[in-house]
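S.K.: One structure follows; several queries about it will come next.
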Amino acid sequence: MRLILMTGKGGVGKTSVAAATGLRCAELGYKTLVLSTDPAHSLADSFDMELGHDARLVKPNLWGAELDALRELEGNWGAVKRYISDVLRAQGLDGVQAEELAILPGMDEIFGLVRMKRHYDEGIYDVLIIDSAPTGTALRLLSLPEVGGWYMRKFYKPLQGISAALRPLVEPIFRPIAGFSLPNKEVMDAPYEFYEQIEALEKILTDNTVTSVRLVTNPEKMVIKESLRAHAYLSLYNVATDLIVANRIIPEEVTDPFFKRWKENQQQYKQEIHENFRPLPVKEVPLYSEEMCGLPALERLKETLYADEDPSKVYYTENTIRIVQDNNQYVLELYLPGIAKDQIQLTKTGDELNVRIGNHRRNMVLPQALAALQPSGAKMEDDYLKIKFA
-16 MRLILMTGKG
-6 GVGKTSVAAA
4 TGLRCAELGY
14 KTLVLSTDPA
24 HSLADSFDME
34 LGHDARLVKP
44 NLWGAELDAL
54 RELEGNWGAV
64 KRYISDVLRA
74 QGLDGVQAEE
84 LAILPGMDEI
94 FGLVRMKRHY
104 DEGIYDVLII
114 DSAPTGTALR
124 LLSLPEVGGW
134 YMRKFYKPLQ
144 GISAALRPLV
154 EPIFRPIAGF
164 SLPNKEVMDA
174 PYEFYEQIEA
184 LEKILTDNTV
194 TSVRLVTNPE
204 KMVIKESLRA
214 HAYLSLYNVA
224 TDLIVANRII
234 PEEVTDPFFK
244 RWKENQQQYK
254 QEIHENFRPL
264 PVKEVPLYSE
274 EMCGLPALER
284 LKETLYADED
294 PSKVYYTENT
304 IRIVQDNNQY
314 VLELYLPGIA
324 KDQIQLTKTG
334 DELNVRIGNH
344 RRNMVLPQAL
354 AALQPSGAKM
364 EDDYLKIKFA
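The sequence shown begins at -16 in our numbering and counts up one residue at a time.
See below:
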């Protein structure tokens, strides 16, 4: 299966690009699913048809779906949901409130990953296109395997063992006082089972022959800056980007004086997109005179984007992490385009290297060759952070 994740700042047109990409893949004979994991779905509006949690046929070889966190919660984590609801009801909340609050923050991201893994395992589709949330939420989704693994190893697994041992002793005292039971084995096992699925998905997300991110941007200063940061953060999580889509560029034939300054600014920002994202390929899409809503409009966008190309191909193979040997020293090279060295914090604990850029952090489990060594220096060179180990 080919996995393509579309993301970008809110409002840049990523849903339209995802839908048009799906149309072209289906046209080439690939069984294609376009899945929206954005909590504020707009895929149904883009196709101009009703979509729900289950995949619905849009046209031959093309299906669409919008993730419903409630459905996923009930189908995959029912025991945990019921336990959280029992706890909340014991605190005085009524049934409806307890049911709603049982969906913890971040569940959308978790269930988005679980559903991606399920489709990958089933192998029903040739191409899975994810219309993901705007970049901030999408990055949280892609960081979950790494961050979740750290919490599971450090805290949850030991807590799971302690809970299993103490439950028979504490339960007779606890329930009369608290009004609800301690979590049973089914409840305690569910989060770890989810983590195992997400951990398995990490191998898929970081395989640049299978998974690619496509960043949709606009020729505007704020949008470009967010896209550049997103590219660097994706690289930090070892998720490869293979294509940039510069959307809503005012066509040359627009000569109204009102757009003169806007067009001049766009020319400058277009050049910045090509320069700042090089060597990634950039596709330019004009600002259309009509909404990108409905299949006829999406067909036009599809032709502009891909013409005779196969959008399921890997447009650029990005190598985000590599280890090289230099003069009897190992060097870990992390691809962090556009990030200054003074923005990066590095710490090493045991066999883990903690890399922090702003509010994004990655705990990298080092290979055996580096785990026993200490970092002896770091520098930025050609968009790679090169960390020496001695």
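Even for Gly, the Cβ is constructed at its ideal location relative to N, Cα and C.
Using CA atoms only, rank isn't needed, just tell me which of Met347, Glu179, Asp325 and Gly333 is closest to Ile340.
M.R.: Among Met347, Glu179, Asp325 and Gly333, the Cα nearest to that of Ile340 is on Asp325.
S.K.: Given this structure, state the Cα-to-Cα distance separating Leu56 from Phe94, to the nearest angstrom.
M.R.: Near 8 Å, if we compare the C-alpha coordinates of Phe94 and Leu56.
S.K.: Rounded to whole angstroms, what is the Cα-Cα separation between Thr224 and Lys243?
M.R.: Approximately 33 Å, taken between the alpha carbons.
S.K.: Bridge partners of Lys331, per DSSP?
M.R.: Leu336, per the DSSP bridge assignment.
S.K.: I'd like to check one pair, Leu319 with Ser218: are the Cβ atoms closer than 8 Å?
M.R.: Yes, the pair counts as a contact, with Cβ atoms nearer than the cut-off.
S.K.: Just to confirm the assignment: which complete alpha helix (DSSP H) runs, minimum length 4, are found wholly within the stretch 249 to 290?
M.R.: Runs of the alpha helix (DSSP H) inside the stretch 249 to 290: 278 to 289.
S.K.: Assuming Gly360 is part of the beta strand (DSSP E), what are its boundary residues?
M.R.: Per DSSP, Gly360 belongs to the beta strand (DSSP E) from Pro358 to Glu364.
S.K.: Ends of the beta strand (DSSP E) at Met(-11)?
M.R.: Counting along the chain, the beta strand (DSSP E) containing Met(-11) begins and ends at Arg(-15) to Thr(-10).
S.K.: What did DSSP end up calling Ile322 once you bin it into helix, strand or coil?
M.R.: Three-state result, Ile322: coil.
S.K.: To which residues does DSSP link Glu49 through a beta bridge?
M.R.: Glu49 is bridged to Ser19.
S.K.: I'd like the list of long-range same chain contacts for Gln250, defined as Cβ closer than 7 Å, with 5 residues on each side in sequence excluded.
M.R.: Excluding positions up to five away in sequence, the list is empty.
S.K.: Does the separation of the CB atoms of Met99 and Leu198 fall below 8 Å?
M.R.: The answer is no: Cβ separation not under 8 Å.
S.K.: Which residues mark the beginning and the end of the alpha helix (DSSP H) in which Ala208 is found?
M.R.: According to the sequence displayed, residue 208 carries Lys and not Ala. Element bounds for Lys208: Lys204 to Leu219.
S.K.: What are the boundary residues of the beta strand (DSSP E) that Ala38 is part of?
M.R.: No beta strand (DSSP E) holds Ala38; DSSP gives it neither H nor E.
S.K.: Quick check: what's the CA-CA separation for Leu284 versus Asp334?
M.R.: C-alpha separation (whole angstroms): 48 Å.
S.K.: If I follow the unbroken alpha helix (DSSP H) through Phe372, where does it start and stop?
M.R.: Per DSSP, Phe372 belongs to no alpha helix (DSSP H); it is in the beta strand (DSSP E), Tyr367 to Phe372.
S.K.: Measure the beta-carbon distance from Leu(-14) to Thr15 and round it to whole angstroms, keeping in mind my assumption that it falls under 8 Å.
M.R.: About 12 Å; that fails the 8 Å criterion.
S.K.: Between which two residues does the beta strand (DSSP E) harbouring Leu198 extend?
M.R.: Leu198 -> beta strand (DSSP E) spans Thr194 to Thr200.
S.K.: First and last residue of the beta strand (DSSP E) that includes Leu226?
M.R.: Per DSSP, Leu226 belongs to the beta strand (DSSP E) from Thr224 to Ile232.
S.K.: Just list the residues that DSSP pairs Val97 with in beta bridges.
M.R.: Paired residues: none, contrary to the question.
S.K.: Whole-angstrom Cβ separation of Leu34 and Leu40, contact assumed at under 8 Å?
M.R.: Going by Cβ atoms, the distance from Leu34 to Leu40 rounds to 11 Å, so no, they are not a contact pair.
S.K.: Among all the DSSP beta bridges, which residues are the ones paired with Arg345?
M.R.: Partner(s): Val338.
S.K.: What do you reckon, are the CB atoms on Asp21 and Asp114 nearer than 8 Å?
M.R.: Their beta carbons are under 8 Å apart, which means Asp21 touches Asp114 by this criterion.
S.K.: According to DSSP, is Asp28 part of a helix, a strand, or is it coil?
M.R.: Three-state DSSP puts Asp28 in a helix.
S.K.: Applying the 10 Å Cβ sphere with the 16-neighbour rule, what's the burial state of Arg231?
M.R.: It is buried - the Cβ of Arg231 has at least 16 other Cβ atoms within 10 Å.
S.K.: Could you tell me how far apart the beta carbons of Gly(-4) and Met363 are, in whole angstroms, since I believe they sit closer than 8 Å?
M.R.: About 32 Å separates the two Cβ atoms, so there is no contact after all.
S.K.: Please go through the same chain and pick out, in chain order, the residues whose beta-carbon is closer than 8 Å to the beta-carbon of Ile306, but skip the five residues on each side of it.
M.R.: Answer for Ile306: Tyr313, Val314, Leu315, Glu316, Pro350, Ala352 and Leu353, listed in chain order.
S.K.: Please report how far the alpha carbon of Leu329 lies from the alpha carbon of Val338, in whole angstroms.
M.R.: The straight-line gap from Cα to Cα measures roughly 5 Å.
S.K.: What's the call for Val310, buried or exposed, on a 16-neighbour Cβ count within 10 Å?
M.R.: It is worth fixing the name first, because residue 310 is Asn in this sequence and not Val. Its Cβ having fewer than 16 others within 10 Å, Asn310 is exposed.
S.K.: Report the residue from Glu179, Asn221, Arg212 and Tyr178 whose alpha carbon sits nearest the alpha carbon of Thr194.
M.R.: Checking every option, the nearest Cα to that of Thr194 belongs to Asn221.
S.K.: Would you kindly work out how many angstroms separate the C-alpha atoms of Gly360 and His257, rounded to a whole number?
M.R.: Rounded to whole angstroms, Gly360 to His257 spans 32 Å at the Cα level.
S.K.: If you drop the 5 nearest sequence neighbours on each side, which residues of the same chain put their C-beta closer than 7 Å to that of Ala3?
M.R.: Answer for Ala3: Leu281, Leu284, Lys285 and Leu288, listed in chain order.
S.K.: Grouping DSSP H, G and I as helix and E and B as strand, with all else coil, what is Asp390?
M.R.: Since the first and last residues shown for the chain are -16 and 373, residue 390 lies out of range.
S.K.: Tell me the DSSP secondary structure of Leu317 in three-state form.
M.R.: Three-state DSSP puts Leu317 in a strand.
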